[in-house]
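Going line by line, the protein sequences match chains A and B. The numbering of the first sequence is my numbering, which starts it at 1 and goes up by one. The numbering of the second sequence is my numbering, which starts it at 219 and goes up by one. Note that the Cβ used here is the ideal one computed from N, Cα and C, for glycine as well.
2 protein chains.
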Amino acid sequence: MNLQLYGFWRSIASFRVRVALKLKDLPFEEIPVDILSGEQFKPDYDAVNAERVVPTLVHGEHRLFQSLAIIEYLDDIVPEPRLLPADPVDRAYARSLALVTIADAHPLVTPRVRNHLVEMFGADAPTIGAWATHWTIEGLATYERLLARRPPAPFALGQQVGLADISVAGQVVGAHFLKLDLASFPAVRRLADLCFAMPAFATSHPFEQPGHKAATSR
Amino acid sequence: MNLQLYGFWRSIASFRVRVALKLKDLPFEEIPVDILSGEQFKPDYDAVNAERVVPTLVHGEHRLFQSLAIIEYLDDIVPEPRLLPADPVDRAYARSLALVTIADAHPLVTPRVRNHLVEMFGADAPTIGAWATHWTIEGLATYERLLARRPPAPFALGQQVGLADISVAGQVVGAHFLKLDLASFPAVRRLADLCFAMPAFATSHPFEQPGHKAATSR
């Protein structure tokens, strides 16, 4: 299977897809798109993905975008190991957990939003940091409440690691960017520790990507 | 099937689930949760949905949240009429289109974000309106580009109305709130017109809900 991932080292959505590909043991080539400098808006990338966001997964003639849609696609075409459970109620719960970050917490801290806060309110770097911290903590607190009601055993849906765990781990990556203390979110921290002990997660972390190393050595 | 929907007249996510239930001809009782006055944060509702957002669908002992997860669940348990296509590539495209609004455009204009702009920047009503207009237009423009590359025929995925159309229509509902002119988005407008000609969409529109009528007659 010939797979290419247009992604960015710092993108949490790219992280999610990277983990899914690695959990399914699917080799892929990653093509960097620097969303901080606006490469996603250039005609070359617009031709790949008209939404002008990362990630995009290229599978033969197909170009798939939006991390959740890509992960579901991978589960549709390569069913084992399953990233979504088979039972409809459990599938819904896995998707709900995923959407806590994908549809609620993460969209609020993306570069385009941070840039728009600067344009519209003249927000300075500490203010942008406070904004990102507020929404990242909101997401972590939501996950903590949810995991308290249905404790991971050991993963969010049970024995099998999957979409929900990838999503919680992505929210924790956001906390890593901000150097947040996770002491107030013990269930989230335990689940993330379990995930990041696995190579698929550890090697997908933004700080482990070549682009991060290049950016921090500049 | 005994179904209850915790929703709010103005909530675009509630709109999406209402349409899905009606397309599948599933009767439901709607229980209003006033997210403008903060009812979602009260203990009664927190017990229903620990994320403290609407909508929540109650199906027997199951409580499902996040509009996309609910719609997928409905498609899993009541497969006909299908809201997602059977082909994996088409399924991915339907989900990608849905996530343009669910994961990118809509999260930025929810009440909790508008409230936080007031708290953090002292934003006044015209500024909040400009913020909402910016992100609503971003979403519409993205859909216009996507629909230009794969024109609806007549719906986004072909002959069968479904998740993607529901999501585009929800973005158009956001434009209705702001009284935006859709002339720059002809493909979006044509698709939305087709959708809102169907009773499932028309009767689900926020402006047709009892809560809207009560709010505007105050």
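{"Query": "Cα-Cα separation between A:ALA214 and B:ALA321, rounded to whole angstroms", "Result": "29 Å"}
{"Query": "Cβ-based neighbour list, A:ARG189, same chain, cut-off 7 Å, excluding 5 preceding and 5 following", "Result": "LEU182"}
{"Query": "Proximal residues of chain A, C-beta to C-beta of B:TRP349 below 9 Å", "Result": "HIS116 and MET120"}
{"Query": "Integer Cβ distance of A:SER67 from A:ALA132, believed to fall under 8 Å", "Result": "Actually they are not in contact, since the Cβ atoms of A:SER67 and A:ALA132 sit about 19 Å apart, beyond 8 Å."}
{"Query": "Per-residue contacts from B:VAL318 into chain A (C-beta, under 8 Å)", "Result": "GLU51 and GLN66"}
{"Query": "Backbone CA spacing between B:GLU248 and B:ARG330 [nearest angstrom]", "Result": "22 Å"}
{"Query": "Below-8 Å beta-carbon distance, A:HIS176 vs any chain B residue", "Result": "no"}
{"Query": "Top-ranked residue by Cα proximity to A:LEU146, from B:ALA359, B:ARG281 and B:VAL307", "Result": "B:ARG281"}
{"Query": "Inter-residue CB distance, B:PHE414 and B:ALA387 (contact presumed, cutoff 8 Å)", "Result": "7 Å"}
{"Query": "Selected residue, minimal CA-CA separation from A:PRO81, among A:ALA20, A:HIS212 and A:ALA187", "Result": "A:ALA20"}
{"Query": "The stretch 65 to 79 of chain A in contact with the stretch 305 to 314 of chain B per 3-pair CB rule at 8 Å", "Result": "yes"}
{"Query": "Min CB distance B:LEU326 to chain A below 8 Å", "Result": "yes"}
{"Query": "Span separating the alpha-carbon of B:TRP227 from that of B:ILE346", "Result": "20 Å"}
{"Query": "Run of the alpha helix (DSSP H) containing A:THR133, from where it starts to where it stops", "Result": "125 to 149"}
{"Query": "Interface partners of A:HIS62 on chain B, CB under 7 Å", "Result": "VAL307"}
{"Query": "Where A:ALA69 meets chain B, residues with beta-carbon distance less than 7 Å", "Result": "ALA310, ARG313, SER314 and LEU317"}
{"Query": "Run of the alpha helix (DSSP H) containing B:ARG300, from where it starts to where it stops", "Result": "It is not in any alpha helix (DSSP H) - B:ARG300 carries neither H nor E in the DSSP assignment."}
{"Query": "Alpha carbon of A:ALA94 to alpha carbon of B:LEU223, nearest angstrom", "Result": "20 Å"}
{"Query": "Identified DSSP bridge partners for A:PRO32", "Result": "A:GLY7"}
{"Query": "Closer than 9 Å at the beta carbon, the chain A residues around B:LEU364", "Result": "ALA50 and GLU51"}
{"Query": "Of the listed residues A:GLY38, A:PRO151, A:ALA47 and A:ASN49, nearest to A:THR110 (C-alpha basis)", "Result": "A:GLY38"}
{"Query": "Proximity test, Cβ basis, 8 Å: B:ASP383 and chain D", "Result": "Going by chain labels, chain D is absent from the structure shown, which instead holds the protein chains A and B."}
{"Query": "Rounded straight-line distance, which links the Cα of A:PHE177 to that of A:GLN40", "Result": "21 Å"}
{"Query": "Residue(s) in a DSSP beta bridge with B:HIS277", "Result": "B:LEU221 and B:HIS280"}
{"Query": "Which listed residue (A:ALA175, A:ALA200 and A:ALA187) has its alpha carbon closest to that of A:ALA149", "Result": "Ala is not the amino acid found at residue 149 of chain A; the sequence shown has Arg there. Out of A:ALA175, A:ALA200 and A:ALA187, A:ALA187 has the C-alpha closest to the C-alpha of A:ARG149."}
{"Query": "Chain A within 8 Å of B:VAL331, Cβ atoms only", "Result": "yes"}
{"Query": "First through last residue of the alpha helix (DSSP H) which encompasses A:ILE70", "Result": "67 to 77"}
{"Query": "Helix, strand or coil at B:PHE403 according to DSSP, with G and I counted as helix", "Result": "coil"}
{"Query": "Three-state secondary structure (DSSP) of A:GLU158", "Result": "Residue identity check: residue 158 of chain A is Gly in the sequence provided, not Glu. Three-state result, A:GLY158: strand."}
{"Query": "Reduced DSSP category for A:LEU163 - H, G, I as helix; E, B as strand; rest coil", "Result": "helix"}
{"Query": "Other residues of its chain near B:HIS277: CB distance less than 6 Å, five sequence neighbours each side excluded", "Result": "LEU221"}
{"Query": "Nearest neighbour of A:ILE70, chosen from B:ALA310, B:SER402, B:SER229 and B:SER385 [CA to CA]", "Result": "B:ALA310"}
{"Query": "Contact list for B:THR421 against chain A, beta-carbon separation under 7 Å", "Result": "Those within 7 Å of B:THR421 in chain A number zero; the least Cβ separation is about 25 Å."}
{"Query": "Contact residues within the stretch 6 to 18 of chain A, judged by C-beta distance below 9 Å to chain B", "Result": "ALA13"}
{"Query": "Per-residue burial, B:VAL336 [other beta carbons within 10 Å of its own, 16 or more giving buried]", "Result": "exposed"}
{"Query": "Interface residues of the stretch 356 to 380 of chain B facing chain A [CB-CB below 7 Å]", "Result": "THR360, ARG363, LEU364 and ARG367"}
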